[in-house]
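Each residue of the sequence shown is one higher than the one before, counting from 1 in UniProt numbering.
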Amino acid sequence: MHIVIMGCGRVGAALAQTLEQQGHTVAVIDQDPTAFRRLGSGFGGRRVTGVGFDQDTLREAGIEEAGAFAAVSSGDNSNIIAARVAREMFGIENVAARIYDPRRAEVYQRLGIPTVATVRWTADQMLRRLLPSGAEPLWRDPSGGVQLAEVHTTPSWIGHKISTLQEETGVRVAFLTRLGEAILPSSQTVLQEGDLVHVMMRTDEIAKVEEAFAEGPEEGGH
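If you want it as structure tokens, here you go:
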């Protein structure tokens, strides 16, 4: 696939190098030609100097044959304008924009532009590592009665089946994050060290669920 990246900062350069290593062709756009030094001499893709939401610049970067577009410059407005131009003018389906302001990110999500709110995501990830106990809400239904949350599991759950975890805690496991990949478990899936467990549960039962996850499985229950 051909992928166009706007912004050759640390994120853009790392993204470009990773995608090229995976066999994709890549074009990187940046207003500052010295920014391309971050790509290193081994980078074989296009380096395009210009504004990432300018249609001629995008065409020079090969947007018309691209399968995806990433806007990761340092400016929220530039990122979102470029993402919308890629989506609406050139029909690129796989578009993502990096947004520093999490309040804006939610607005743009509603416009159909997938966003990565850098500061909030990074802070959330750091908090989960620094303060891993309890439940971290990820989504609530409009009534507020049900929510999806990442719940910290005590190490004694490792080696037990998802079915046991569900029976003893009263939750439904929606998915696991294992080695950075999201997986949909079956009832026979066994929890491994490092798994992040994401569950659906009733909002009024959070305290009970947290306690059950913290206590570990009942004796002998595999």
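C-beta atoms are modelled at their ideal positions from N, C-alpha and C, and glycine is treated no differently.
Only a predicted model underlies this, so the values are computations on that prediction, with no experimental measurement involved.
Endpoints, the alpha helix (DSSP H) within which residue 30 is located: Residue 30 -> not in any alpha helix (DSSP H); beta strand (DSSP E) instead, spanning 25 to 30.
Cα-Cα separation, residue 44 to residue 81: 27 Å
Sequence-distant residues of the same chain with beta carbon closer than 7 Å to residue 213, five excluded per side: 151, 152, 153, 154 and 169
Closest residue to residue 66 among 79, 92 and 83 (Cα-Cα distance): 92
Within 8 Å, strictly: CB atoms of residue 79 and residue 98: yes
Where residue 114 falls: helix, strand or coil (DSSP): coil
Short Cβ contact (8 Å threshold) for residue 4 with residue 58: yes
Of the listed residues 180, 56 and 68, nearest to residue 19 (C-alpha basis): 68
Where residue 96 sits in the DSSP three-state scheme: strand
Proximity of residue 61 and residue 29 at Cβ, strictly below 8 Å: yes
Under the three-state DSSP convention, the category residue 85 falls into: helix
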